[in-house]
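Scroll down for the structure; my scribbles are underneath it.
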Amino acid sequence: MQTKKIINDGNRAVDEMLEGILAAHPRHLKSIDGSSRSIIARDGPRQGKVGLVIGGGSGHEPSFLGFVGKGLADAAAIGNVFASPPPDPILECAKAVSGGAGVLFMYGNYAGDVMNFDMAAEMADMDDIEVRTVLSTDDVASAPRDQRHKRRGVAGNFFIFKAAGAACDRMLSFDECERIAGKANDHTFTMGVALSPCSLPQTRRPNFEIGPDEMEIGMGIHGEPGIARGKLKTADEITDEMLDRILDEMAPARGDKVAVLVNSLGSTPLMELYIMNRRVKRRLDDIGVSIHATWVGNYCTSLEMAGASITLHRLDGELQTMLDHPCDCAMFRAG
Amino acid sequence: MQTKKIINDGNRAVDEMLEGILAAHPRHLKSIDGSSRSIIARDGPRQGKVGLVIGGGSGHEPSFLGFVGKGLADAAAIGNVFASPPPDPILECAKAVSGGAGVLFMYGNYAGDVMNFDMAAEMADMDDIEVRTVLSTDDVASAPRDQRHKRRGVAGNFFIFKAAGAACDRMLSFDECERIAGKANDHTFTMGVALSPCSLPQTRRPNFEIGPDEMEIGMGIHGEPGIARGKLKTADEITDEMLDRILDEMAPARGDKVAVLVNSLGSTPLMELYIMNRRVKRRLDDIGVSIHATWVGNYCTSLEMAGASITLHRLDGELQTMLDHPCDCAMFRAG
Amino acid sequence: MTTIDSARLAGMFAAIAAAVSADRDRLCALDGIIGDADHGIAMDLGFSAARDAVAALDAAATDPTTLLNTAAKSFLNAVGASSGPLYATAFMRGAAAVKGKTTLDDADAVAMFQAMAKGIQDRGKAEPGEKTMMDAWAPAAQAAGEALASGKGLADSLGAAVQAAKAGAEATKAMIAAKGRASRLGERSLGHMDPGAASAVTVIEAMRVALTG
Amino acid sequence: MTTIDSARLAGMFAAIAAAVSADRDRLCALDGIIGDADHGIAMDLGFSAARDAVAALDAAATDPTTLLNTAAKSFLNAVGASSGPLYATAFMRGAAAVKGKTTLDDADAVAMFQAMAKGIQDRGKAEPGEKTMMDAWAPAAQAAGEALASGKGLADSLGAAVQAAKAGAEATKAMIAAKGRASRLGERSLGHMDPGAASAVTVIEAMRVALTG
Ligand SMILES: Nc1ncnc2c1ncn2[C@@H]1O[C@H](COP(=O)(O)OP(=O)(O)O)[C@@H](O)[C@H]1O
Ligand SMILES: Nc1ncnc2c1ncn2[C@@H]1O[C@H](COP(=O)(O)OP(=O)(O)O)[C@@H](O)[C@H]1O
Ligand SMILES: [Mg+2]
Ligand SMILES: [Mg+2]
Ligand SMILES: [Mg+2]
Ligand SMILES: [Mg+2]
């Protein structure tokens, strides 16, 4: 028996979704003629501004195209479900948003994305568009601390892209935009937990198996196995387990400021996320870390997977300015 | 075996959620001392303005408290999961937001809510606060057309509250606010479909049964049975089935303008909602109805239920003004 | 002739709370079929709160009216929902019916019982046959009144009430709901017992045992 | 001695597409254990696109290089993911290896095959033992080359390649992944075959049949 989905044809799901997105957000988004997987901000890209191209596989909505708009990303290249986009639509994005000041590629650190974006960067280079790449590697569960560069990019993209988008929108230099993007990544730490699988529209079969009383700590946003499988615990225990690792790495001092993201992997409802956030607040209060802003909801999902992630983004003056910088995207507004 | 949830104690879930919400949104929301189930907008209630109190059971997040804020509702009274709040917190809300110009109570038409809000209204009257009530009855699946007043209020609340909140924020008279609220309800039509149940935090057992290849058309947002059980269809077929009923009632003329809401009941991801929206756009294009604005996402959920609803809100000049009026709420911004 | 004081009434709430709690899952399941699956939770929560609130009173210094009003208020605030206003109003009307008494005799107890049913009726405006808890409470109140009028004691009167409530609840299976959440189901509510009527039987039976046992 | 023209190469893509499509669910399941469960989809999509793109060419008027480049491009654009750049690069390198030829003899075919493996290596930078498709492709390319050098024909050479790929894929079970999605699993990737190595066997076997059958 196939899992239930409100779709037509699994192979057409991504393109039909994109049609629905463009229909819903004509004031924010447009696609490129002949390259329907390249989604561009109507407002944002402009002469003299560093262009910001993000992207990755589908199935993580509102990532990535929900973060395309004035003050954030200029374009997103869209892949198949859980698959990097190929180089062509990435290249088209780069061309469309290039304002002569360079183009930043930002995406989560996955082998597939790296290969495709790198190929696109080489092609852009041949078109005289200078491209630099900043990978997000915020998933603390995905490699040991001394191998941070090997880690996956997950929900922390939200803060990392936000900082970079603000830097670009403020017309900072290519060097500065790249530096701030990298710093934002260094300041961002995420851990996730999964409770139940999702299924790809093409197969409609659960993408992993998990017992009826089990959870997987550290699971990736494509259902990649995490650190450990265990019995489902309480919200406070789960939150603590994630926070302990995050705080251990982030090592905040009393008086430090953070922004918080409690993210649903898809089907975990706001009620549960806010119960987790309650614990986050208590824990941070206990160690004298102040919370500058909090987001709770669906920001980087894995289709209908059940589970959640917690991200802390450590702020300094500069990153706070970037976070507070206004943005107006199809699925996200701030500032 | 109990269903999986990231919670601590099912009986404390609502209060822990509220603690997490206040922790996340201190700039938007506060609770009343001694009445933690009464959530008030920090900005919004003021002298001379008609106060708008909304509310209902928990489990529908971001309804109702996500829509509390400047330009929308002044307060929300929060009940247990799928249960109307009792009169006391409703009364506290009314007192807190009363600006001497009257207080509007708005909520979905359910027996429990009606009894509790009416009791609160009687108590407010004893405190010399004039209360009027406008029920939302947008669920076309829940009673025949000639018994519209018996219908349930569901996701269409979004538009109905939005219009009323704008009218209040624009300092219109009590009569005008009431009239506009009622008109917004008359102009709003919703149909839902459910694919899988949710479970209450206290029992953690599925609240209804449904076959692995079945869907329920017209299901209520608390899992109340709908119009018909059938085999799961394609996104286009499901959308058509819902739109046919909505359009039949709304009877739009060529050139009419609507706003659209495609809402997830909880675990149906954005991908599927946007695939439905694609069909909505095509259908409306076909009959020459123009779309003024579209919202797609989680607006009125049933915990982690799988399914979706479609709402059309027929606009005239006045309702369009109300819809475009800016609002700034904890979980929703517009304008 | 039984004499019911405030301590006995407090015991009644403890008994109802225990009975309803044991019945919670069945009531949720019944509500899951034609409603929103929470009726057992609401009743459990409400009567637990009422039990705790009246247990916290000094029974010796509290008259039945105050006790019943306390129960009503705490039930309501713990529950909301449909059951909250309905049972809160029931107990407030029960309270009013025994105003001024320090103990209740059989007639007082039956008066209280009938006032409860009347309270539910006034609050919910449900007519018999609309597939609500009224379909248990109305015949129960009538049966208790008739039994008392025909010279029966409280035990027999409440015994008759229980029988009538059971029959009434059973009869809801053949009804199409016209009030409450299930009223949108039309014919699909046929064949299923109304959860509020089912819980009414549990409540009334617990009252009978606690007040006459 | 076999002679392979563009029509035969187009048939090869049809054969791979059919084989991979039949294998789709197994590959997704393997990827579900240590990856993201989509490898079968990607391979199916990619080879279907390649098949359709080369089928649309006029084989008589298309040289093998153009045909292979067309396959590469269409595979890449249909897929993205990891498999996209890896197989696209494989076919582009295969195309370069047979540049200028209108038909391929045994040595040309083995050269193409070896260039494919080298392309995957260059694109993915995976070393043997890192639990990727390289662990099938590298020994397969080596075995084909050795067989040809020792005087075997294409059928035997590709037969040796299949055997080596099978052994290589089997050996990935004992490896800890160091490249690709599974590289974050550490020891938890032990005991499971790498999906890319598994699909490599399917691809190579289909090539053998199509080019020598
Ligand atoms: N107007 C009414 N009059 C009497 N009883 C009612 C009325 N409306 C609902 N009920 C009763 O309430 C029961 C449901 O209670 P409950 O599940 O606690 O509340 P909710 O419907 O708010 O979830 C129904 O089974 C029915 O017996
Ligand atoms: N750097 C690499 N070099 C060679 N093969 C790789 C590399 N990275 C990944 N692979 C192969 O790709 C396979 C996964 O492919 P696929 O599932 O299609 O892509 P994705 O990982 O993007 O979902 C792995 O099983 C592995 O064999
Ligand atoms: Mg993938
Ligand atoms: Mg309820
Ligand atoms: Mg109920
Ligand atoms: Mg994969």
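Chains A, B, C and D supply the protein sequences, listed in that same order.
When the letters of the first sequence are read in order and numbered with the numbering used here, they come out as residues 1 to 335.
When the letters of the second sequence are read in order and numbered with the numbering used here, they come out as residues 1 to 335.
When the letters of the third sequence are read in order and numbered with the numbering used here, they come out as residues 1 to 213.
When the letters of the fourth sequence are read in order and numbered with the numbering used here, they come out as residues 1 to 213.
Backbone N, C-alpha and C fix where the C-beta goes; we use that ideal spot for every residue, glycine too.
Note that the coordinates shown come from a computational prediction; the quantities given were computed from them, not determined experimentally.
B/Q202 touches chain C at which residues, Cβ-Cβ below 7 Å? Under the 7 Å cutoff, chain C gives I41.
Whole-Å CB distance - A/S98 paired with A/G165, under 8 Å assumed: Contact between A/S98 and A/G165 is ruled out by a C-beta separation of about 16 Å, above the 8 Å threshold.
Length of the line joining the Cα atoms of D/V110 and D/A143: The C-alpha of D/V110 lies about 10 Å from the C-alpha of D/A143.
Environment of B/G56 [buried if 16+ CB atoms lie within 10 Å]: Under this definition B/G56 is a buried residue.
Please list, in chain order, the chain A residues whose beta carbon lies closer than 9 Å to that of D/N77. Using a Cβ-Cβ cut-off of 9 Å, D/N77 is close to P86, P87, D88, P89 of chain A, given in chain order.
Could you tell me whether any Cβ in chain A is nearer than 8 Å to the Cβ of B/L270? With 8 Å as the cut-off, B/L270 counts as an interface residue toward chain A.
A/V14 vs A/V81 beta-carbon contact at 8 Å: In contact: A/V14 and A/V81 (Cβ atoms closer than 8 Å).
Local conformation of A/A330 per DSSP, three classes: A/A330: coil per DSSP, three-state reduction.
Any heavy atom of ligand 3 inside 7 Å of the beta-carbon of A/G57? Ligand 3 has a heavy atom closer than 7 Å to the beta-carbon of A/G57.
Assign B/E209 to one of two classes, buried (16 or more other C-beta atoms within 10 Å of its C-beta) or exposed (fewer than that). B/E209 sits exposed, since fewer than 16 C-beta atoms from the chains shown fall within 10 Å of its C-beta.
Looking at ligand 1, does it come within less than 7 Å of B/M108, judged from the CB to the closest heavy atom? For clarity, residue 108 of chain B is Gly in the given sequence; the question names Met instead. Proximity of the beta carbon of B/G108 to ligand 1 is not indicated: no heavy atom of the ligand is located closer than 7 Å.
Integer Cβ distance of A/G223 from A/P197, believed to fall under 8 Å: In this structure, A/G223 and A/P197 form a Cβ contact; the two beta carbons are roughly 6 Å apart against a cut-off of 8 Å.
Could one say the Cβ of C/A174 lies closer than 8 Å to chain B's Cβ atoms, at least one of them? Closer than 8 Å: no.
Between the beta-carbon of B/V53 and the beta-carbon of B/C93, is there less than 8 Å? Cβ distance < 8 Å, so B/V53 and B/C93 count as in contact.
Relative to ligand 4, is the shortest distance from any of its heavy atoms to the C-beta of B/H222 smaller than 7 Å? Yes - ligand 4 has a heavy atom lying nearer than 7 Å to the Cβ of B/H222.
Tell me whether the beta-carbon of A/L315 lies closer than 8 Å to the beta-carbon of A/K233. Not in contact: A/L315 and A/K233 (Cβ atoms no closer than 8 Å).
Taking 7 Å as the limit between beta carbons, can you name the residues of its chain near B/R229, skipping five residues before and five after? Correct list, in chain order: E214, E216.
Check this for me: beta carbons of A/V289 and A/L273, under 8 Å apart or not? At least 8 Å separates the beta-carbon of A/V289 from that of A/L273.
Considering only DSSP beta bridges, list what B/S199 is partnered with. Answer by DSSP bridge pairing, in chain order: B/P206.
Any idea what DSSP makes of B/R42, helix, strand or coil? When secondary structure is reduced to three states using DSSP, B/R42 falls in the coil class, being assigned neither helix nor strand.
Test item: CB-CB of B/Y107 and C/R181 under 8 Å: No, Cβ-Cβ distance for B/Y107 and C/R181 is not below 8 Å.
Measure the beta-carbon distance from B/R333 to A/R333 and round it to whole angstroms, keeping in mind my assumption that it falls under 8 Å. The pair is a contact, with the Cβ atoms about 5 Å apart (cut-off 8 Å).
Span separating the alpha-carbon of C/A107 from that of B/E130: Approximately 41 Å between the Cα atoms of the pair.
Cα-Cα, which of A/S142, A/E61, A/D118, A/A101 is closest to A/P86? Across the set A/S142, A/E61, A/D118, A/A101, the C-alpha of A/D118 shows the shortest separation from the C-alpha of A/P86.
Whole beta strand (DSSP E) elements within the segment 121–166 of chain A, 3-residue minimum: Within the segment 121–166 of chain A, the complete beta strand (DSSP E) segments of 3 residues or longer fall at 131–136, listed in chain order.
If contacts are defined as beta-carbon pairs under 8 Å, then D/C28 and D/I41 qualify, I think. What distance do you get, rounded to the angstrom? Indeed, because the Cβ distance is near 6 Å, the residues count as touching under 8 Å.
Nearest chain B C-beta to A/R42 closer than 8 Å, yes or no? At least 8 Å separates the CB of A/R42 from every CB of chain B.
Please decide whether B/L323 counts as near chain A, where near means a Cβ-Cβ distance under 8 Å. Taking Cβ atoms only, chain A never reaches closer than 8 Å to B/L323, which makes this a no.
Jot down the residue ranges of each uninterrupted alpha helix (DSSP H) in the segment 98–171 of chain C, minimum 4 residues, whole runs only, in chain order. Listed in chain order, the complete alpha helix (DSSP H) runs (minimum 4 residues) inside the segment 98–171 of chain C are 106–124, 134–149.
Quick one: what's A/F421 bridged to in DSSP? This structure gives no information on residue 421 of chain A, because the portion of chain A shown stretches from 1 to 335.
Hey, out of C/L76, C/V98, C/A81, whose CA is closest to C/S6's CA? Checking every option, the nearest Cα to that of C/S6 belongs to C/V98.
Check each candidate in D/A198, D/A177, D/D23, D/F91 and name the one with the smallest Cα separation from D/V162. Checking every option, the nearest Cα to that of D/V162 belongs to D/A198.
Residue closest to A/D236, alpha-carbon to alpha-carbon, out of A/A253, A/V260, A/R282, A/N263: Closest by alpha carbon: A/R282.
If you compare alpha carbons, which of D/D105, D/N69, D/T2 is closest to D/F91? Residue D/N69 is the option with its Cα nearest to D/F91.
Spatial distance of A/S38 from B/A96 (CA atoms): About 49 Å.
Could you have a look at A/S267 and say whether DSSP puts it in helix, strand or coil? Here A/S267 sits in coil by DSSP.
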